[in-house]
Every structure is written in structure tokens, then in C-alpha cells.
Ligand code: NAI
Ligand code: 15L
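In the working numbering, the protein residues as written are 564 to 832.
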């Protein structure tokens with residue numbers, strides 16, 4: 564497969580989409596942006612809801628690959644998740660099949676495995692093939708997305724890297740994030756590796772930096788050529804002084820998904 568150049572970035576108005584639309588062009592990509600919210604400063608950006616199958620197909624036409632970030636990124640009533648994340652992701656894959664796009668990078672989430680107990684002490688890192696244990700309807704929709712990706716590979720030969728992103732924000736803001744943080748530059752490195760690695764079929768990876776306090780195994784990401792450069796440890800002193808160490812007796816500290824297992828943040832609109 565020739566290296567993709569023109570890439571559709573869905574969810575481009577969101578937090579991660581904004582970070583990636585600023586960082587990925589340095590890798591040589593020509594981005595086409597899509598979101599249901601308008602994107603200021605890019606008159607070519609597509610304003611469309613994933614529910615609009617025709618608009619999604621038109622947006623996909625002519626691109627080499629898709630980075631699919633759009634959707635509800637927190638917990639929400641099942642009916643909303645069904646529309647945006649389950650049907651919406653199906654529309655993206657159908658558009659890819661109809662328009663001959665051969666590579667997708669899917670923004671999965673750690674919340675697909677959020678009810679997995681986090682490693683403590685000398686426990687081994689969580690492997691990528693650990694059983695799915697979604698912590699929310701949101702996490703459940705990411706499990707569906709990973710299965711959809713597998714199906715479109717097996718049935719239609721569309722390759723996907725599903726990235727179970729930890730927390731991709733400019734800085735870690737909690738003690739949990741010291742373990743699951745992915746710096747934005749490492750996020751761009753991982754998406755670039757996911758777009759360019761050969762013969763990925765459907766590969767599932769965790770998305771984080773090379774954190775000293777890492778909870779999961781990054782080897783499937785490294786096998787794509789991803790070489791993380793950052794480590795959250797420089798933030799550890801300040802965050803632990805402010806918040807204290809994680810408490811194993813606190814349910815919100817005991818699982819990979821953190822507070823999503825007990826009091827998930829709710830999608831605001
Ligand atoms: P965000 O909530 O800031 O952005 C999501 C974007 O998707 C928004 O701009 C929203 O308008 C758009 N969107 C929602 N429903 C849509 C629809 N039906 N049609 C078109 N656009 C729609 O979320 P964020 O943080 O940027 O996350 C992006 C993706 O990465 C999401 O799929 C999220 O689940 C995933 N992810 C993000 C993590 C992070 O640390 N930021 C961690 C794990 C997963
Ligand atoms: C996610 O999946 C969310 O989209 C993001 O907003 C963060 O909350 C992240 O997980 C996390 O686990 O910190």
C-alpha cells in the first residue's frame with residue numbers, strides 16, 4: 564500500500580481533533596476535516612453529522628485513509644451512543660467500502676477494557692488481548708467499533724488500527740493520568756505509525772506515552788513503528804502532592820477506567 568497522503572479526520576473540531584489537525588500536517592498529510600460543529604479557519608471543512616450517510620460518503624470520496632475520531636467521547640444514554648458511535652461508525656466503514664478507502668485508524672478507548680483491575684505492585688502490564696470489560700455504554704460502543712473494524716477487514720479487506728487511547732491532553736491532570744497519558748506529540752507519532760505500517764489487518768493497540776507508571780503493554784503499538792518520546796513522570800511530584808497516591812480501596816482508583824466505572828462524566832449535548 565502506498566503511504567496515505569490525503570486523510571479524512573472526523574471529529575476535527577474536538578479536543579483531540581484540534582490537537583491532531585495542528586500536528587499531523589508536519590508528517591506530510593493533507594487533511595480533510597469533518598465535524599458536526601463548524602470549524603473556523605478552514606472553509607473546506609465538512610460540517611456534517613455522521614448520521615447523514617450520503618454526506619459521510621461524499622466526505623470520504625478520494626481520500627487515502629480515515630482517522631475516525633468523531634462521536635460521543637463520554638458517557639451518554641444508550642440511544643445517543645447508538646446513533647453517534649454505533650451507527651455513525653458503521654456509516655464511516657460503509658463509506659470507506661463504497662469509496663475504496665483501504666485504511667482506517669479508529670479512536671477506541673481504554674474504556675473498552677475499563678473494568679479491568681489496574682496493575683498494582685509487581686503485577687504484569689495489561690496485555691492487548693485482555694478480555695473486553697467495558698465500563699460504560701460509551702466503552703461498549705468502542706468494543707463494537709473494534710469488532711466492526713475486524714469485520715470490515717475479514718469481509719472487505721479494509722485495514723484498521725484500533726487505538727485504545729488512554730488520556731490525550733496537553734498535560735496529565737490526575738494521578739491516574741500519570742499511567743494512561745498520551746502526550747499530543749506522541750499521539751501524532753502513533754497515528755502516523757498507524758497510517759503507514761504495512762499489513763496491519765486489524766491491529767489493536769494501547770495509546771499512551773512511555774510513562775514510568777504505565778499500566779498496559781505498548782508492544783503492539785511499537786510493532787507498528789511507534790516510538791513514544793514522552794513520559795508523564797515529570798508531572799508526578801506536583802500531582803501526587805495535590806491529590807495523593809491512588810487508593811486501592813477506592814473503586815474509582817481500582818480499575819483501568821478510573822472514575823468512569825463509578826461516576827462517569829456525562830456527554831453535555
Ligand atoms: P471531543 O468530545 O472533544 O470531540 C468529539 C468530536 O466529535 C466533537 O467535535 C463533536 O462535535 C464530534 N461529533 C460527535 N458526534 C458527532 C456526530 N454524530 N457527527 C459528527 N461529529 C460528531 O472528544 P475528543 O477528546 O477529541 O476525542 C476524540 C475521539 O477519541 C473520540 O472518539 C473519543 O472517544 C476518543 N478518545 C479520546 C480520548 C482522549 O483522551 N481525548 C481517550 C480515549 C478515546
Ligand atoms: C476517554 O475515552 C475520553 O474520551 C476522554 O475524555 C478521557 O476521559 C479518557 O477516556 C480517560 O480515560 O481519561
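Backbone N, C-alpha and C define an ideal beta-carbon position, used for all residues, glycine too.
Residue 529 lies in the beta strand (DSSP E); which residues open and close that run?
The displayed coordinates of the chain run from 564 to 832. Any statement about residue 529 would go beyond what the structure contains.
Check whether the Cβ atoms of residue 673 and residue 728 sit closer than 8 Å, and answer yes or no.
Counting from 1 along the chain shown, the entry for residue 673 is found at position 110. Counting from 1 along the chain shown, the entry for residue 728 is found at position 165. Their beta carbons are under 8 Å apart, which means residue 673 touches residue 728 by this criterion.
Considering only residues of the same chain and omitting the five flanking positions on each side of residue 808, which have a CB-CB separation below 8 Å?
The residue you call residue 808 lines up with position 245 of the chain shown. Counting only Cβ-Cβ distances below 8 Å, and skipping sequence neighbours, we find 738.
Taking residue 698 and residue 580 to be in contact with their CB atoms under 8 Å, please state how far apart those CB atoms are, rounded to whole angstroms.
Taking the first residue of the chain shown as position 1, residue 698 is located at position 135. Taking the first residue of the chain shown as position 1, residue 580 is located at position 17. About 23 Å; that fails the 8 Å criterion.
I need the boundaries of the alpha helix (DSSP H) containing residue 756, first residue and last residue.
Counting from 1 along the chain shown, the entry for residue 756 is found at position 193. Residues 747-759.
According to DSSP, is residue 669 part of a helix, a strand, or is it coil?
For the purposes of this step, residue 669 is identified with residue 106 of the chain shown, where counting begins at 1. DSSP places residue 669 in strand when its eight states are reduced to three.
According to DSSP, is residue 569 part of a helix, a strand, or is it coil?
Numbered from 1 along the chain shown, position 6 holds the residue referred to as residue 569. Three-state DSSP puts residue 569 in a strand.
Is the region 614-632 in contact with the region 683-698, if contact means three or more CB pairs nearer than 8 Å?
no
Hey, which unbroken runs of the beta strand (DSSP E) at 3 residues or more fall wholly within the region 755-825?
765-770
From this set, 577, 603, 766, which residue's C-alpha is nearest residue 723's C-alpha?
Taking the chain shown and counting its residues from 1, one reaches residue 723 at position 160. Ranking the options by Cα distance to residue 723, first place goes to 766.
Backbone secondary structure at residue 686 - three-state DSSP:
On the chain shown, residue 686 is found 123 positions in, with the first residue counted as 1. In this structure, residue 686 counts as coil in the three-state DSSP scheme.
Reducing DSSP to helix, strand and coil, say where residue 741 ends up.
The count along the chain shown starts at 1 and reaches residue 741 at position 178. Of the three classes helix, strand and coil, the one that applies to residue 741 here is helix, per DSSP.
Contacts around residue 696, its chain only, beta-carbon distance under 7 Å, and the 5 residues preceding and following it disregarded:
On the chain shown, position 133 is the one that residue 696 refers to. 676, 677, 678, 679, listed in sequence order.
Any chance the CB of residue 637 is under 7 Å from a heavy atom of the ligand 15L?
Numbered from 1 along the chain shown, position 74 holds the residue referred to as residue 637. Yes, the ligand 15L has a heavy atom inside 7 Å of this Cβ.
Is it buried or exposed, residue 829, if we count other Cβ atoms within 10 angstroms and call 16 or more buried?
Here residue 829 is taken as the residue at index 266 of the chain shown, counted from 1. So residue 829 ends up on the exposed side.
Examine the Cβ distances between the region 590-601 and the region 609-617 and report whether three or more of them are shorter than 8 Å.
yes
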